[in-house]
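A.B. asks: Mind looking over this structure? Questions follow.
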Amino acid sequence: MARPRFAPNLQLEQDGLVLRPWQRTDQAALSALVHASKAELSARLDWCHAGYAEADAAAWITFSEQVWDAGSEFPFAVLDSTGLLLGSMGLNQINHAHRSANLGYWMGTPHCGRGVATRAARILCAHAFQTLALNRIEVVTLLDNFASQRVAEKLGARFECNARNRLVAQGLPRPARVYGLIPEDLANGLLGGSESGHAGRSNPP
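Taking full-length UniProt numbering, the leading residue of the sequence shown gets 1, the next gets one more, and so forth.
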């Protein structure tokens with residue numbers, strides 16, 4: 001039996017946001033947003049380095065197309081209703097046997113503090129539970145990433161544990177907070193609020 005997957009031309013539009021697969025035409029906007037957010041992103045996401053360039057953005061978009069086609073990951077560009085790029089969000093580490101996945105995201109610094117990550121996560125997770133028949137979605141954050149933790153909590157995810165050596169940041173293994181979201185939790189999540197947040201792996205590698 002074929003595994004459930006997202007359609008190649010999927011576009012989710014809700015609450016003033018658009019989530020869609022990355023496109024080649026996003027290359028310049030992605031590179032510019034990473035540079036505008038470098039001070040915040042580089043502290044937690046190793047791919048955001050001093051030499052990040054449009055070639056890195058192009059490589060990420062190519063990678064995102066490949067994993068989407070394979071059904072192994074589903075990376076999304078997050079845009080506003082005018083088409084302005086706000087950040088990145090995606091599902092990865094998909095376990096079809098146990099119907100679970102990891103939710104990763106980062107929002108550009110100019111767009112933080114407006115509830116974008118929470119709204120986008122709610123849209124994506126609701127669609128994923130329905131379309132991919134997932135039982136569980138995890139959000140994993142560094143211990144000091146309070147903004148990302150607020151996103152998980154407002155989404156309705158429950159804190160489950162501090163896991164040792166769960167993430168690698170700045171080349172070193174780091175402990176992380178693990179949140180679990182199941183379909184029943186999503187109905188209890190709160191929208192809005194002020195956050196930025198970078199969690200898991202939704203990023204140019």
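All C-beta atoms in this analysis are idealised placements derived from N, C-alpha and C, irrespective of residue type, glycine included.
Use the C-beta contact count for THR25: other C-beta atoms within 10 angstroms, 16 or more gives buried, fewer gives exposed.
C.D. replies: The count along the sequence shown starts at 1 and reaches residue 25 at position 25. Counting Cβ neighbours within 10 Å, THR25 comes out exposed, since fewer than 16 surround it.
A.B. asks: Assign GLU160 to one of two classes, buried (16 or more other C-beta atoms within 10 Å of its C-beta) or exposed (fewer than that).
C.D. replies: Reading the sequence shown from its first residue, position 160 is the one you call residue 160. Exposed.
A.B. asks: Considering only residues of the same chain and omitting the five flanking positions on each side of ILE61, which have a CB-CB separation below 8 Å?
C.D. replies: Numbered from 1 along the sequence shown, position 61 holds the residue referred to as residue 61. Within the same chain, ILE61 has close Cβ partners TRP22, GLN23, ARG24, ASP26, GLN27 and LEU30.
A.B. asks: Just to confirm, is the Cβ distance from residue 206 to LEU124 under 8 Å?
C.D. replies: Residue numbering for the chain in the displayed model covers 1 to 205; residue 206 lies beyond these limits and cannot be assessed.
A.B. asks: Is it the case that the segment 124-140 contacts the segment 87-103, given that we only count it when at least three CB pairs across the two stretches are under 8 Å?
C.D. replies: yes
A.B. asks: Since I believe ALA77 is in contact with ARG20 (beta carbons under 8 Å), could you give me their beta-carbon distance rounded to a whole number of angstroms?
C.D. replies: Locating residue 20 in the sequence shown gives position 20, counting from the first residue. Locating residue 77 in the sequence shown gives position 77, counting from the first residue. About 6 Å; that satisfies the 8 Å criterion.
A.B. asks: Between which two residues does the alpha helix (DSSP H) carrying GLN149 extend?
C.D. replies: Taking the first residue of the sequence shown as position 1, residue 149 is located at position 149. The continuous alpha helix (DSSP H) containing GLN149 extends over residues 146-155.
A.B. asks: Could you give the first and the last residue of the continuous beta strand (DSSP E) run that contains SER81?
C.D. replies: Counting from 1 along the sequence shown, the entry for residue 81 is found at position 81. Taken as a continuous stretch (DSSP letters only), SER81 belongs to no beta strand (DSSP E), as it is neither H nor E.
A.B. asks: With a threshold of 8 Å on Cβ separation, who are the neighbours of LEU186 within its own chain once the five nearest residues in sequence on each side are excluded?
C.D. replies: In the sequence shown, counting from the first residue as 1, residue 186 sits at position 186. Leaving aside the five residues that flank LEU186 on each side, the residues in its chain whose CB is nearer than 8 Å to its CB run, in chain order, ARG122, CYS125, ALA126, PHE129, LEU155 and GLY156.
A.B. asks: Report the rounded CA-to-CA distance for ALA152 versus HIS96, giving the unit in angstroms.
C.D. replies: For this step, residue 152 is matched to residue 152 along the sequence shown. For this step, residue 96 is matched to residue 96 along the sequence shown. Computed Cα separation, rounded: 22 Å.
A.B. asks: What do you get for GLU138, buried or exposed, if any count of 16 or more other CB atoms within 10 angstroms of its CB means buried?
C.D. replies: As a first step, residue 138 must be located in the sequence shown, where it is residue number 138. Its Cβ being crowded by 16 or more others within 10 Å, GLU138 is buried.
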